[in-house]
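Visitor:
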Amino acid sequence: ATSVALCSHDSMSYDLDINSCIIEPDLLRRFSKIYCARKTVRRWALTQEETITKQLDAGVRYFDLRIARKRNETDPTRLYFYHGLYTHTDVEVKVEMVINDWAERHPKEILILALSHFKGFDKKDEPRLHNHLINFIKTLFGPKLFPRGDTPTLKKCWDQGRNIIVSYDWQAKRPLEIWTEIIYYYGNSMDPTKVESNLRQQLEKGRPSRHFFVCGLNLTLPGDAKILKYVLRLCDNLPNVIRRSLPRLLRWVKEQAGRTPMNIVASDLATRGDFVSAVVELNISKRV
Numbered sequence: 001a002t003s004v005a006l007c008s009h010d011s012m013s014y015d016l017d018i019n020s021c022i023i024e025p026d027l028l029r030r031f032s033k034i035y036c037a038r039k040t041v042r043r044w045a046l047t048q049e050e051t052i053t054k055q056l057d058a059g060v061r062y063f064d065l066r067i068a069r070k071r072n073e074t075d076p077t078r079l080y081f082y083h084g085l086y087t088h089t090d091v092e093v094k095v096e097m098v099i100n101d102w103a104e105r106h107p108k109e110i111l112i113l114a115l116s117h118f119k120g121f122d123k124k125d126e127p128r129l130h131n132h133l134i135n136f137i138k139t140l141f142g143p144k145l146f147p148r149g150d151t152p153t154l155k156k157c158w159d160q161g162r163n164i165i166v167s168y169d170w171q172a173k174r175p176l177e178i179w180t181e182i183i184y185y186y187g188n189s190m191d192p193t194k195v196e197s198n199l200r201q202q203l204e205k206g207r208p209s210r211h212f213f214v215c216g217l218n219l220t221l222p223g224d225a226k227i228l229k230y231v232l233r234l235c236d237n238l239p240n241v242i243r244r245s246l247p248r249l250l251r252w253v254k255e256q257a258g259r260t261p262m263n264i265v266a267s268d269l270a271t272r273g274d275f276v277s278a279v280v281e282l283n284i285s286k287r288v
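Just so we're aligned, residue 1 is where the sequence shown starts under UniProt numbering, counting upward by one.
(1) In whole angstroms, what is the alpha-carbon distance linking I264 and S3?
(2) Of all the options T271, R61, A266 and P239, which has the alpha carbon lying nearest to the alpha carbon of R42?
(3) Using the beta-carbon count (16 or more within 10 Å), is N19 buried or exposed?
(4) At which residue ranges does the region 65-94 contain complete beta strand (DSSP E) runs of 3 or more residues, listed in the order of the chain?
(5) Can you give the Cα-Cα distance for H132 and F212, rounded to whole angstroms?
(6) On a CA-only basis, which of G216, K123 and E204 is nearest G187? Give me that one, please.
(7) Using 10 angstroms around the beta-carbon of I137, count the other beta-carbons present and answer buried if the total reaches 16, otherwise exposed.
(8) How about L16 and L85: are their beta carbons less than 7 Å apart?
(9) Closest by CA to L246, which one among T260, G258 and V279?
(10) According to DSSP, is C21 helix, strand or coil?
(11) According to the neighbour-count rule (16 or more other Cβ atoms, all chains shown, within 10 Å of its Cβ), is A5 buried or exposed?
(12) Need the endpoints of the beta strand (DSSP E) that F146 sits in, please.
(13) Which of the three DSSP states, helix, strand or coil, is assigned to A266?
(14) Under 6 Å Cβ to Cβ from R148, same chain only, skipping five residues before and after it: list those, please.
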């Protein structure tokens, strides 16, 4: 049986740079020069509190890494993570090397890195940036990469000394070491009831049978003017909303796991509360 892994949604959001320009939502991009606007975006874009190392130590094994290029970046290949704002940390110099170091020290722990979105990639520079990033990943992780086309059982990973899987959301041809995009199901709502309903429909209807897939418990802000209903709450923020909803969503995922298989379960504030223990218990209950 397939085990259930833990995923942190927007894994790098703890590192958002309040001095960067606003990338999203589009409604607020024009206000990038206003500090209060950037501060507001950060309050509603911060979905993780702990560093990548602390997330790893807590049990997170799948990382949702959204990549962006700064508009006026002088380095032709420097890329950052983002969620609403850019991060302080660039992709190459710190985080990927932190992950590589952790993977070397924990060779029996299987990590999945999902790179996606790629904001700010101009069409003329897109192939060069993608090829540079893919080559960097191949060089950095080298023989630790488990290639696509084979089923990564624990035995195979351990026997071959391969403990990193990289999925990459780009439609062009990619090397064998890089996997295609992993499906991410999510509820697309700030209402936990709607999140549960939408996820249930997707899991019961469209779940892939032989591939990885993510069940995202994360809440999603509206993409239109309705977002103002949330971001204008001066005494609230996304972490507070998540804390209030997470216990209910965890109860739901335990019940749903009894009806449909779970593969990877994602959450905001993945290191908070009972998320880690609840997902681990899904693996234990499957063996009984």
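A virtual CB, placed ideally from N, CA and C, is assigned to each residue, including glycine.
Guide: Per the coordinate set shown:
(1) The residue labelled residue 264 in the question sits at position 264 within the sequence shown. The residue labelled residue 3 in the question sits at position 3 within the sequence shown. For I264 and S3, the distance between alpha carbons rounds to 8 Å.
(2) Along the sequence shown, read from residue 1 onward, the residue named residue 42 stands at position 42. Of the candidates T271, R61, A266 and P239, the one whose C-alpha sits nearest the C-alpha of R42 is P239.
(3) In the sequence shown, the residue the question calls residue 19 occupies position 19. Classification for N19: exposed.
(4) 80-83 and 85-90
(5) Here the question's residue 132 lines up with position 132 in the sequence shown. Here the question's residue 212 lines up with position 212 in the sequence shown. Distance between the alpha carbons of H132 and F212: 26 Å.
(6) As a position in the sequence shown, residue 187 is number 187, starting the count at 1. The candidate whose alpha carbon is nearest that of G187 is G216.
(7) For the purposes of this step, residue 137 is identified with residue 137 of the sequence shown, where counting begins at 1. Per the 10 Å Cβ criterion, buried.
(8) Along the sequence shown, read from residue 1 onward, the residue named residue 16 stands at position 16. Along the sequence shown, read from residue 1 onward, the residue named residue 85 stands at position 85. Yes.
(9) Here residue 246 corresponds to residue number 246 of the sequence shown, with the count starting at 1. L246 has its Cα closest to that of V279, out of T260, G258 and V279.
(10) For this step, residue 21 is matched to residue 21 along the sequence shown. Reduced to three states, the DSSP call for C21 is coil.
(11) In the sequence shown, counting from the first residue as 1, residue 5 sits at position 5. Counting Cβ neighbours within 10 Å, A5 comes out buried, since at least 16 surround it.
(12) Against the sequence shown, residue 146 aligns to sequence position 146. That residue, F146, is in no beta strand (DSSP E); it is neither H nor E in DSSP.
(13) For the purposes of this step, residue 266 is identified with residue 266 of the sequence shown, where counting begins at 1. It is a strand residue.
(14) For the purposes of this step, residue 148 is taken as residue 148 along the sequence shown, with counting starting at 1. Closer than 6 Å at Cβ, skipping near neighbours: W179.
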